[in-house]
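Structure record follows, encoded as structure tokens.
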Amino acid sequence: MEGDIIDFENVYPDTYGNNVVLIPMYCLEIRKDIAKECLNVVKDYINSQLHSSYDHLKRCKRSNEHVQILLGVCANIPNDIRKQVILINNAEDITIKKVYVSKHAPMTRKQYVQWSEFWPLYFRKPTNELPQLTKEQKNMYIKFLNISINIGKQFGTCQSGCILTWDNKIIACSGDNVKNHPLQHAVILAIEEVAYKLRHMWLIKKGVQLTKDQFIPWGTSNNRVPELSAQEISEQAGHVYSTSDKSVCGSSVDTQVAEGCVKIATQVSMDQYLCTNYYAYLSHEPCFMCAMAMVHSRITCVIFDQVNKQNGALCSREKLHCVKALNHHFKVYKAVRKHREL
């Protein structure tokens with residue numbers, strides 16, 4: 001039985017946990033004293049063989065008496081290069097040996113140490129490697145994630161909830177409305193609310209007075225209302241599909257945080273672009289539609305609780321945030337809960 005949220009784990013590409021995959025290649029074994037001169041002769045050939053796919057492989061491997069120079073996948077080298085190397089080697093024939101090397105670059109330092117035993121490797125720290133969370137960050141994530149879970153339980157037709165924050169302030173929150181409309185997932189509704197708030201906040205900061213012909217209340221298409229103040233717009237924007245008067249985040253949630261769900265965050269920059277630098281806290285792992293919506297919205301980080309085994313796009317069925325072909329990537333953390341014994 002699962003208990004409270006106690007930690008978060010990074011959701012990395014599958015390659016972070018892979019075992020070594022070895023492929024055969026060939027190397028030139030020569031004496032140490034002529035290694036540098038021989039390398040200068042064969043380096044252009046080596047680069048043509050290895051290209052950029054094997055940048056993680058070092059070109060040389062040292063032993064007590066000899067140096068092995070990695071040539072590539074072909075056992076034979078061009079005759080002109082072979083003659084030059086033989087000449088450097090005091091007219092003695094050269095030795096070409098078969099070796100096994102790692103096909104993939106190491107993603108972790110543990111992989112680097114283990115895989116380098118076969119052939120020396122370079123370790124380049126991945127650009128998307130996430131730093132360790134501080135205690136303060138974990139507490140903040142737990143706080144917002146619990147709010148998202150409460151919203152899902154109280155207002156989601158399938159108990160799914162989402163909140164979007166900027167600078168640790170809640171900008172939008174919503175439960176899902178899937179039982180009434182198949183596309184109204186919590187993430188989609190929360191992003192829609194952000195768009196609404198940013199659009200009207202920009203007009204307010206510009207000093208534009210909204211008239212009945214310009215203002216469209218949140219969640220409607222044809223309604224028209226008289227001129228509204230910033231406070232009235234804030235109240236309109238604070239909808240989370242609720243007909244009750246109780247707090248949108250439930251009685252167990254901090255009052256100031258709950259009020260943040262229904263107020264426009266005036267601290268947001270005037271040049272805010274979509275959801276750049278926003279954090280998404282989800283009660284459940286998002287589906288592919290919601291995950292792509294967050295990609296297009298430029299979400300910075302996604303934190304979720306329950307996995308979605310059938311349709312999850314961040315760890316269950318796919319790791320969409322690890323697909324290199326996409327033009328935006330966000331960080332992903334999954335909640336870790338304390339195990340309770342029955």
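Just so you know, we're using UniProt numbering here: the sequence shown kicks off at 1 and counts up by one.
Where is the CB? At the ideal position from N, CA and C, for every residue including glycine.
Check                                                                                                                                                                  : Outcome
State whether the segment 155-167 contacts the segment 82-94, with contact taken as three or more CB pairs (one from each stretch) at a distance under 8 Å.            : no
Tell me where the beta strand (DSSP E) around His284 begins and ends.                                                                                                  : 278-284
Does the distance from the CB of Ala291 to the CB of Ile191 come in under 8 Å?                                                                                         : no
Just mark Thr266 as buried or exposed, buried being the case when its beta carbon has 16 or more other beta carbons within 10 Å.                                       : Only weak support is given to the placement of Thr266: the predicted model assigns it a pLDDT of 49, under 50, and the value that follows is read from those uncertain coordinates. Counting Cβ neighbours within 10 Å, Thr266 comes out exposed, since fewer than 16 surround it.
Does DSSP put Tyr112 in a helix, in a strand, or in coil?                                                                                                              : helix
With three or more C-beta pairs closer than 8 Å as the rule, is the segment 60-68 touching the segment 29-40?                                                          : yes
Is it the case that the segment 309-323 contacts the segment 196-208, given that we only count it when at least three CB pairs across the two stretches are under 8 Å? : no
Given this structure, state the Cα-to-Cα distance separating Met140 from Lys169, to the nearest angstrom.                                                              : 11 Å
Determine the burial state of Pro182: buried for a count of at least 16 other Cβ atoms within 10 Å of its Cβ, exposed for fewer.                                       : exposed
Can you tell which of Val332, Trp119, Phe330, Pro286 has its C-alpha closest to the C-alpha of Lys61?                                                                  : Trp119
Taking three-plus beta-carbon pairs below 8 Å as touching, is the segment 105-122 in contact with the segment 47-61?                                                   : yes
Report, in whole angstroms, the separation of the C-beta atoms of Phe144 and Tyr281, which I expect to be a contact under 8 Å.                                         : 4 Å
Pick helix, strand or coil for Ile86, following the three-state DSSP scheme.                                                                                           : helix
Under a Cβ-count criterion, where at least 16 other Cβ atoms within 10 Å of its own Cβ denotes burial, should Leu70 be classed as buried or exposed?                   : buried
Check whether the Cβ atoms of Tyr100 and Leu22 lie closer than 8 Å to each other.                                                                                      : yes
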